[in-house]
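Asker: Can you keep this structure in mind? I'll have questions shortly.
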Amino acid sequence: MSQITLRHGDRTWPLEPQNIVVAGRSQDCEIVVTDTQASRHHAQFRRRGSTVVVEDLGSSNGTWVDGARITTPATLADGAAVHIGDRGGTPVTVSITRPTPAVRMPRTGTPSMPLPQRPAASARRPLPRKGAAPAVPPAPSNTGVVFDRWTLPSGPMPTRTPAPSARATVTGSAPQVMPVPLQAPSGGNAGGPFTIGRGLENKIVVDDLLVSRHHVRLVPRSPGFEVHDLGSRNGTYVNGHRIDVAHIGAGDLLAVGHSRFTVRHGQLVASIDEGDVNFVANHLSFALPDGKTLLDDVSFALEGSSLLAVIGPSGAGKSTMLKALTGSQPATEGEVYYDGRDLYDNFQDLRHRIGVVPQEDVVHRQLTVRQALRFAAELRFPDDLDANLRNQRVDEVMAELELTGHAQTRVDRLSGGQRKRTSVALELLTRPSLLFLDEPTSGLDPGLDKQVMQTLRELADGGRTVVVVTHSIANLRTCDKVLLLAPGGKVAYFGPPDEMLGFFGATDHADIFTSVSRDPDGAQHRFRISPMESEQVKGPLSAPRPQAPPLEKPSRQQSIFAQLSTLARRHLRVILADRGYAMFMILLPVVLAILTMVVPGDHGLQMQIGRMRTTEAMQLLVVLIIGAVFMGTAASVRELVGERAIYNREEAVGLSPQAYLWGKLTIFGVLTLLQSVVLVLLVELRKPAATSAVILGSPTLELIVACWLTAFAAVALGLLMSSFVRTSEQVMPLLVVSIMAQLVLCAGLFPVRGRAGLEQIAWLAPARWGYADTASTVDLGTILPSQGGDSLWNHAPSSWILSAAMLVVLTAVFSSITLWRLTRSPKD
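Using UniProt numbering, the final residue of the sequence shown is 828, and nothing's skipped along the way.
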């Protein structure tokens, strides 16, 4: 009888009659394929006589035989190659050895050789025990690559420039060893300093868009390496902490983007985080300062590439759980482990591997899908990355989420499911290993609900661990596990979705929600004493977790000026894409100028001769300045509250609050300058202009500058108000009150100087100083001596400069308070 062997990489598997061999990414497969293109259970092989039949198991990326994707079981001949998920990957090959003709032998013939035994399925990786987390991070569990076998002598190591040919590239391929002379024949120099980065000129080239071109420099220093960060944008991390200079030795973990390096026996060993990692929540509890418990001793373990649904009635702590799992609000007790590493202690290193999609859409609806993703890529990747590589990654993500056909579609014209996929696409740009989603199907119809959950299933099969918080129970069967929380954050169930109804003895999920809501303590106790708990929840541990160190501020991927450029261009594109808003901004100064035409009189802003002098100039200045205040405040008052979800997510991955605020101020500064020019020039077309300047040589220029400084200060005030409100609906009352208050405090309706209390309050109103600035230019105190008791109206450089300087000071004060609001945590 023929002997049939399957080979993948360096391992072989005999295929016996009546035996089925499964290939896939899951650790319980006989043939474990470490490729993100492979599904968890991808294909199966079975024997049929002297041939082999391969059958695809509904994989996402297909099973390929002789370059063609199979849709039905295919028969394989000797030497056939089967590619799992990726036609360019390592294939599974078939070897058929047919028996040789029998030769007559003496009866004392040779003893028979036993057939090789089928190897056991790969054992699952052990989960960490509470209180037993190693002080030094464990060795990476993913594919290892050994680079440059350094011998580290006991004394200082002389330097030698590595030969250009001794270059290694870190990829997700099979293990490879690049030997370098362990020691010079004379016993002298060994290896010298070398660099790691994305550029081909580095000794170790890391094919990762999160890595800077020249990222880190390593110098051999017994007993390990001295590490020097080279100004990388995403940072260099040793044992989870960002460093400028550090030393690594045996057991230390050096992280550069998705690559991890350790020192073992004098060798630098690299591995790639490709997403297939264990994720463990270990006795998580969260209590408020007043003692109220929101999470109560939650533990569960997820294998890599799993899809977990977190469900439960309102008030069950699902949002609190999500914050604890992502590290944005660490639990007060317990640990979260990412592939054996404490997430809280290593948050700055691991945050790039965690994607979070909040319930609100985190994309500007006025942009097209491609524009939104490209701007996000500029903010998330280093600024030394070539634009073509960024755009290529955007195209890859759109193709993965089937958004290519909608690349030129504005986000506000997408369906609910497509908008949610666009939000997911933002997170996939940096190839996170963990993806968390908060209510992604909220407000969607059943069809779109199913589409979104199927997309999440495909993302998990593609090599990510996905956790979704949801109220929907219609598509739980697409998940690997379900975590049911009872009110108070108590675990009522954790296990396969198919077994949940049976566990509760219910026929409807609504009955389960009602049951756990009525008796959350009983639901928690029932699960704890059930066999399901011991079967599904690994390693019940008891020791309390020590207080986690405060989370460091996320590092920026670009310089502040690079982020400022990106944010300003995106803001301008958003304004221009919203035609209604753009037309409003364009027509607003025109409408305000038309309103000045109803002011009676024909003297305008010129000096009036004679005893009967009108208040025309005073009234014109009121319209000009209050119009400037309205232009600035109306432009900015909705900005921060409308983009709060977008800002919070971008700030969590390294966005600079200073760059964000300056980007807004830059565009609004240019916008209000153009509006001020149009407003003043249109008014002077119909009304006589002032004839004498104070300091700038042109009264028209002085009026434009005064109106612009007033409008710019109003922009800063509008942003400040926007940072305090919680919803866009609260903006309009504040806008009306602000405009009415400045109309009163500008001193153009009645004097405020010398009135205790009122005068001091007026100092905080941009309209007060803007009106004084324009009044100084037109010499309002001389035109209307009866109204000229205000010394700020004097036609003198000191008065004009003081008012202009106060407008700058108010802008700085309002902006500083707004920046403080943006940097507060948590954002509210």
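Cβ coordinates follow ideal geometry from the N, Cα and C atoms, glycine included.
What is the DSSP secondary structure of Trp13, reduced to helix, strand or coil?
Answerer: In the sequence shown, the residue the question calls residue 13 occupies position 13. Of the three classes helix, strand and coil, the one that applies to Trp13 here is strand, per DSSP.
Asker: Assuming contact is defined by CB atoms lying nearer than 9 Å, are Gly24 and Ile84 in contact in what I supplied?
Answerer: In the sequence shown, residue 24 corresponds to position 24, counting from 1. In the sequence shown, residue 84 corresponds to position 84, counting from 1. Against a cut-off of 9 Å, the Cβ pair of Ile84 and Gly24 comes out as a contact.
Asker: With distance defined between alpha-carbon atoms, name the residue in Leu802, Met806, Asn346 nearest to Asp252.
Answerer: Here residue 252 is taken as the residue at index 252 of the sequence shown, counted from 1. Answer by Cα proximity: Asn346.
Asker: Kindly list the residues whose CB is nearer than 8 Å to the CB of Lys620, restricted to its own chain and excluding five residues on each side of it in sequence; keep chain order.
Answerer: The residue given as residue 620 occupies position 620 in the sequence shown. Residue identity differs from the one stated: residue 620 is Leu in this sequence, not Lys. For Leu620, where only same-chain residues beyond five positions count, the Cβ hits under 8 Å are Thr596, Val599, Gly604, Leu605, Val683, Lys687.
Asker: CB-CB under 7 Å to Leu295, same chain, minus the five flanking residues each way: which ones, in chain order?
Answerer: Translated into the one-based positions of the sequence shown, residue 295 becomes position 295. Same-chain partners within the cutoff: Leu284, Ser285, Phe286, Gly317, Thr320, Met321, Ala324, Ala331, Gly489.
Asker: Would you mind stating whether Ala568 and Leu780 have Cβ atoms separated by less than 9 Å?
Answerer: Position 568 of the sequence shown, counting from 1, holds the residue named residue 568. Position 780 of the sequence shown, counting from 1, holds the residue named residue 780. No.
Asker: Helix, strand or coil: how does DSSP classify Val808 here?
Answerer: Counted from its first residue, the sequence shown places residue 808 at position 808. Helix at Val808.
Asker: The alpha helix (DSSP H) with Lys318 in it runs from where to where?
Answerer: The residue labelled residue 318 in the question sits at position 318 within the sequence shown. Counting along the chain, the alpha helix (DSSP H) containing Lys318 begins and ends at 318-326.
Asker: Any chance the stretch 761-779 sits against the stretch 646-662, with 3 or more Cβ pairs inside 8 Å?
Answerer: In short, these stretches do not touch, since the Cβ pair count stays below three.
Asker: For a quick check, are the C-beta atoms of Ala460 and Asp438 less than 9 Å apart?
Answerer: Along the sequence shown, read from residue 1 onward, the residue named residue 460 stands at position 460. Along the sequence shown, read from residue 1 onward, the residue named residue 438 stands at position 438. Cβ distance not < 9 Å, so Ala460 and Asp438 don't count as in contact.
Asker: Can you say whether His795 is buried or exposed, counting buried as having 16 or more other CB atoms within 10 angstroms of its CB?
Answerer: Position 795 of the sequence shown holds residue 795. By the neighbour-count rule (16 or more Cβ atoms within 10 Å), His795 is buried.
Asker: Per the contact definition of three or more C-beta pairs closer than 8 Å, is the stretch 710-719 in contact with the stretch 622-642?
Answerer: Touching, per the Cβ criterion.
Asker: Look up Pro220 in the DSSP assignment and give the residues it is bridged to.
Answerer: In the sequence shown, the residue the question calls residue 220 occupies position 220. Pro220 pairs with Phe225.
Asker: Relative to the C-alpha of Leu448, which candidate in Leu210, Leu673, Ala81, Lys420 has its C-alpha closest?
Answerer: Here residue 448 refers to the residue found at position 448 of the sequence shown. The residue with the shortest Cα to Cα distance from Leu448 is Lys420.
Asker: So, is Asn61 buried or exposed, given that buried needs 16 or more other C-beta atoms within 10 angstroms?
Answerer: As a position in the sequence shown, residue 61 is number 61, starting the count at 1. Answer is buried; the Cβ neighbour count reaches 16.
Asker: Could you give the C-beta distance for Ser723 and Arg570, rounded to a whole number, given that I count them as a contact under 8 Å?
Answerer: Here residue 723 corresponds to residue number 723 of the sequence shown, with the count starting at 1. Here residue 570 corresponds to residue number 570 of the sequence shown, with the count starting at 1. That belief does not hold up - the Cβ atoms of Ser723 and Arg570 are roughly 19 Å apart, past 8 Å.
Asker: Among Glu535, Asp498, Val491, which one has its Cα closest to the Cα of Ala523?
Answerer: As a working mapping, residue 523 is identified with position 523 in the sequence shown. With distances taken between Cα atoms, Ala523 lies closest to Val491.
Asker: Using DSSP's beta-bridge definition, name the partner residues of Val362.
Answerer: For the purposes of this step, residue 362 is identified with residue 362 of the sequence shown, where counting begins at 1. For Val362, which the question treats as bridged, DSSP gives no partner whatsoever.
Asker: To the nearest angstrom, report how far apart Arg390 and Asp208 are at their CA atoms.
Answerer: Counting from one through the sequence shown, the residue named residue 390 turns up at place 390. Counting from one through the sequence shown, the residue named residue 208 turns up at place 208. If you take the alpha carbons of Arg390 and Asp208, they lie about 11 Å apart.
Asker: Going along the chain, which residues of its own chain have a beta-carbon closer than 7 Å to the beta-carbon of Thr774, five neighbours each way excluded?
Answerer: Locating residue 774 in the sequence shown gives position 774, where the first residue counts as 1. Once the five neighbours on either side are set aside, the close Cβ partners of Thr774 are Leu621, Leu624, Ile625, Leu703, Ala706.
Asker: Should Glu402 go down as buried or exposed, given a rule of 16 or more other Cβ atoms within 10 Å for buried?
Answerer: Numbered from 1 along the sequence shown, position 402 holds the residue referred to as residue 402. Glu402 is exposed by the Cβ-count criterion.
Asker: Considering Cα atoms alone, identify which of Asp273, Gly495, Ala689, Phe381 is closest to Ala301.
Answerer: By one-based count along the sequence shown, residue 301 stands at place 301. Measuring from the Cα of Ala301, the nearest candidate turns out to be Gly495.
Asker: If I measure Cβ to Cβ from Val277 and keep anything under 6 Å in the same chain, skipping five residues before and after, which residues do I get?
Answerer: Residue numbering aside, residue 277 sits at position 277 when the sequence shown is read from its first letter. So the list reads Gly304, Asp339, Ser433, once near-sequence residues are dropped.
Asker: Would DSSP call Arg579 helix, strand or coil?
Answerer: For the purposes of this step, residue 579 is identified with residue 579 of the sequence shown, where counting begins at 1. DSSP places Arg579 in helix when its eight states are reduced to three.
Asker: Could you check whether the Cβ of Pro313 sits closer than 9 Å to any Cβ belonging to chain B?
Answerer: Considering every chain present, this structure includes no chain B. It has just one protein chain.
Asker: Give the DSSP-derived three-state secondary structure of Gln619 in the structure shown.
Answerer: If you number the sequence shown from 1, residue 619 lands on position 619. The answer is helix: DSSP assigns Gln619 an H, G or I state.
Asker: Taking three-plus beta-carbon pairs below 8 Å as touching, is the stretch 373-386 in contact with the stretch 208-220?
Answerer: Yes, the stretch 373-386 is in contact with the stretch 208-220.
Asker: Buried or exposed: where does His258 fall if 16 or more other Cβ atoms within 10 Å of its Cβ makes it buried?
Answerer: Counting from one through the sequence shown, the residue named residue 258 turns up at place 258. When all chains shown are included, His258 counts as buried.
Asker: Would you mind reading off the limits of the beta strand (DSSP E) that contains His41?
Answerer: Within the sequence shown, residue 41 is the residue found at index 41, counting from 1. Unbroken run through His41: none, as it is neither H nor E.
Asker: Any idea what DSSP makes of Lys420, helix, strand or coil?
Answerer: Numbered from its first residue, the sequence shown carries residue 420 at position 420. In the structure shown, Lys420 sits in a helix (DSSP, three-state: H, G or I).
Asker: Keeping to the same chain, check which residues put their C-beta closer than 6 Å to that of Gln366; ignore five residues upstream and five downstream.
Answerer: For the purposes of this step, residue 366 is identified with residue 366 of the sequence shown, where counting begins at 1. Within the same chain, Gln366 has close Cβ partners Val574, Ala577, Asp578.
Asker: CB-CB under 6 Å to Trp662, same chain, minus the five flanking residues each way: which ones, in chain order?
Answerer: Stepping through the sequence shown from its first residue, residue 662 is reached at position 662. Answer for Trp662: Leu564, listed in chain order.
Asker: Excluding five sequence neighbours on each side, which residues of the same chain lie with their C-beta closer than 7 Å to the C-beta of Ser328?
Answerer: Counted from its first residue, the sequence shown places residue 328 at position 328. Cβ neighbours of Ser328 beyond the five flanking positions: Ala652.
Asker: Helix, strand or coil: which one does DSSP assign to Leu115?
Answerer: Walking along the sequence shown from the start, residue 115 turns up at place 115. Low confidence applies here, because Leu115 scores a pLDDT of 30, under 50, leaving its location unreliable; read the following figure in that light. Leu115 falls in the coil class under three-state DSSP.
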